[in-house]
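**Student:**
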Ligand SMILES: [Zn+2]
Ligand SMILES: [Zn+2]
């Protein structure tokens, strides 16, 4: 193994530089991941634009790779060996709080990078925190003892396993948080990789009717939604989405709404409130940032006895279910894995997910050895 690592560093807002770094020592309680695939997600698009909070950092938090080195203590305590193909969660949890004991690492205070500058999370942590290899847009990633790994099931390529993050969010948000199950009716807003994964989860769980909405920009994504089993797809710029929901559900409205339209303003939330059934519906919303919501119709929400939940990350169990769902080959995943780029093209890869690079992007992979 070469003692050098090639990595794409974010050195400022929307600015990336390719750098050669030194491969760190791997102590007995650590391991080293050879990155095969780092997925690019919508959060990367927004995070890429913001100024650095500390020194340069390696982005990339949806990582799949082979274990290149495994320390003896890491191997003994975690049950992994060199050569294993693994999916790495982006949380680096404390492993001792109540959330960690439940496999809910997303809620562990140690992973709260947004509020705690000392919290470490893959894809968001600066090079100032030793040994610096905290992101997947790099040939190698450093794994301390609290890294959370999942074995990739046989038969899945690293690129397909790279869908594990949006897929586990889809299972978490649609099924575990939204309560979608047998015979449910579901409205999924936003047909990006996240919406498509909610669709797969709902389909696999036995939902009776699934409606997926998008905009004119999403024409291809809506076609993929159809191929993945959506009962109806709606271009909200051309059609009345609420009328379609009413038609497809025989005037009843849906049981569950999942809003995966980050950055589309308040309209999807308002549509979701109207689209749910008369009483007792649930809406799971993926809102990010400091969005204002003037005149939020709280009265309408309470009169309908609705439950509003926030979509945020995934549990350990959701990831395991995601990997098994992907490995079932029930869905034509190749329709989703649209683009792959090398380390020198990280800037373009992120812009492609944001709709400003390669056209038709759904799931975009950075492959550091290309
Ligand atoms: Zn992500
Ligand atoms: Zn914890």
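In my numbering, the protein residues as written are 1 to 370.
For glycine and all other residues, C-beta sits at the position ideal for the given N, C-alpha and C.
Below 8 Å on the Cβ atoms is my guess for residue 224 versus residue 59; work out the distance and round it to an integer in Å.
**Tutor:** At roughly 26 Å, the Cβ-Cβ gap does not stay under 8 Å, so residue 224 and residue 59 are not in contact.
**Student:** Would you mind reading off the limits of the beta strand (DSSP E) that contains residue 87?
**Tutor:** Taken as a continuous stretch (DSSP letters only), the beta strand (DSSP E) holding residue 87 covers 85-88.
**Student:** Nearest to residue 154 by CA position, among 84, 121 and 199, is which residue?
**Tutor:** When only C-alpha atoms are compared, the closest one is 84.
**Student:** For residue 121, count neighbouring C-beta atoms within 10 Å of its own C-beta (all shown protein chains included) and say buried if the count is 16 or more, exposed if not.
**Tutor:** Label assigned to residue 121: buried.
**Student:** Which residue from 266, 284, 312 and 274 puts its Cα closest to that of residue 295?
**Tutor:** It is 266 whose Cα lies nearest to the Cα of residue 295.
**Student:** What residues in its chain sit with their C-beta under 6 Å from that of residue 89, if we drop five residues either side in the sequence?
**Tutor:** Answer for residue 89: 148, listed in chain order.
**Student:** Give the C-beta separation of residue 273 and residue 306 to the nearest angstrom, bearing in mind that I take them to be a contact with Cβ-Cβ under 8 Å.
**Tutor:** So it is a contact: roughly 7 Å between Cβ atoms.
**Student:** Under a criterion of Cβ closer than 6 Å to any non-hydrogen atom of ligand 3, which residues qualify, in chain order?
**Tutor:** This structure simply doesn't include ligand 3; it includes ligand 1 and ligand 2 instead.
**Student:** Please classify residue 188: is it buried, with 16 or more other beta-carbons within 10 angstroms of its beta-carbon, or exposed?
**Tutor:** By the 10 Å Cβ count, residue 188 comes out buried.
**Student:** Within the same chain, show all residues whose beta-carbon is closer than 7 Å to that of residue 346, passing over the 5 residues directly before and after it, in chain order.
**Tutor:** Here the set comprises 8, 16, 137 and 366.
**Student:** Out of 62, 49 and 50, which has the shortest C-alpha to C-alpha gap to residue 41?
**Tutor:** Comparing Cα-Cα distances from residue 41 to each of 62, 49 and 50, the minimum goes to 62.
**Student:** Exposed or buried, which one is residue 412 when buried takes at least 16 other CB atoms within 10 Å?
**Tutor:** In this structure the chain extends from 1 to 370, so residue 412 is not present and cannot be described.
**Student:** Name the two residues that bound the continuous beta strand (DSSP E) containing residue 63.
**Tutor:** 62-70 is the extent of the beta strand (DSSP E) around residue 63.
**Student:** Would you give the residue range spanned by the beta strand (DSSP E) that residue 210 belongs to?
**Tutor:** Residue 210 -> beta strand (DSSP E) spans 209-214.
**Student:** Can you name the start and end residues of the alpha helix (DSSP H) that residue 352 belongs to?
**Tutor:** Taken as a continuous stretch (DSSP letters only), the alpha helix (DSSP H) holding residue 352 covers 346-353.
**Student:** Please indicate yes or no: does the CB of residue 93 lie closer than 7 Å to some heavy atom of ligand 2?
**Tutor:** Checking the Cβ of residue 93 against ligand 2 gives yes.
**Student:** Skipping 5 residues on each side, what residues in its chain have a beta carbon closer than 8 Å to that of residue 259?
**Tutor:** Taken in chain order, the residues that qualify are 189, 190, 268, 269, 272, 283, 284, 285, 286, 287 and 311.
**Student:** Take every Cβ of the segment 171-182, pair it with every Cβ of the segment 198-208, and state whether three or more of those distances are shorter than 8 Å.
**Tutor:** Taking 8 Å as the limit for Cβ pairs, the verdict is that the segment 198-208 does touch the segment 171-182.
**Student:** Quick one, which of 318, 360, 329 and 368 has its alpha-carbon nearest residue 341's?
**Tutor:** Nearest option by C-alpha distance: 368.
**Student:** Determine the DSSP secondary structure at residue 230, reduced to helix, strand or coil.
**Tutor:** If DSSP states are grouped into helix, strand and coil, residue 230 belongs with coil.
**Student:** Measuring CB to CB, does residue 125 end up less than 8 Å from residue 57?
**Tutor:** Yes.
**Student:** So, under 8 Å CB-CB, residue 28 and residue 72 are touching, yes? Tell me the CB distance rounded to an integer number of Å.
**Tutor:** With 8 Å as the limit, residue 28 and residue 72 qualify as a contact, their Cβ atoms being about 5 Å apart.
**Student:** Decide if residue 193 is buried, meaning its Cβ has at least 16 other Cβ atoms within 10 Å, or exposed.
**Tutor:** Under this definition residue 193 is a buried residue.
**Student:** Closest by CA to residue 319, which one among 11, 172 and 53?
**Tutor:** The residue with the shortest Cα to Cα distance from residue 319 is 172.
**Student:** What is the residue span of the beta strand (DSSP E) that residue 266 lies within?
**Tutor:** That residue, residue 266, is in no beta strand (DSSP E); it is neither H nor E in DSSP.
**Student:** Tell me the DSSP secondary structure of residue 168 in three-state form.
**Tutor:** Residue state, collapsed to three classes: helix.
**Student:** Please determine, among 326, 108 and 218, the residue with the shortest C-alpha to C-alpha distance to residue 87.
**Tutor:** Ranking the options by Cα distance to residue 87, first place goes to 326.
**Student:** Any chance the CB of residue 113 is under 7 Å from a heavy atom of ligand 2?
**Tutor:** No, ligand 2 has no heavy atom inside 7 Å of this Cβ.
**Student:** Below 7 Å CB to CB, which residues in the same chain sit around residue 242 once its five sequence neighbours on both sides are set aside?
**Tutor:** 271, 274 and 275.
**Student:** Pop quiz: residue 201 and residue 170 are said to be a contact at Cβ under 8 Å. What is the actual Cβ separation, rounded to whole angstroms?
**Tutor:** That belief holds up - the Cβ atoms of residue 201 and residue 170 are roughly 4 Å apart, short of 8 Å.
**Student:** Got a sec? Which residues, its chain only, sit under 7 Å from residue 35 by beta carbon, not counting five neighbours each side?
**Tutor:** The answer, listed in chain order, is 63, 65, 136, 138, 139, 140, 141 and 368.
**Student:** So, under 8 Å CB-CB, residue 22 and residue 48 are touching, yes? Tell me the CB distance rounded to an integer number of Å.
**Tutor:** Wrong, their Cβ atoms sit about 25 Å apart, outside the cutoff.
**Student:** With the cut-off set at 8 Å, would you say residue 37 and residue 162 are in Cβ contact?
**Tutor:** In contact: residue 37 and residue 162 (Cβ atoms closer than 8 Å).
**Student:** How far does the alpha helix (DSSP H) with residue 200 in it reach, from first residue to last?
**Tutor:** 193-204 is the span of the alpha helix (DSSP H), which, as asked, contains residue 200.
**Student:** Would the beta-carbon of residue 75 be found less than 7 Å away from any heavy atom of ligand 2?
**Tutor:** Answer for residue 75: no, Cβ out of range of ligand 2.
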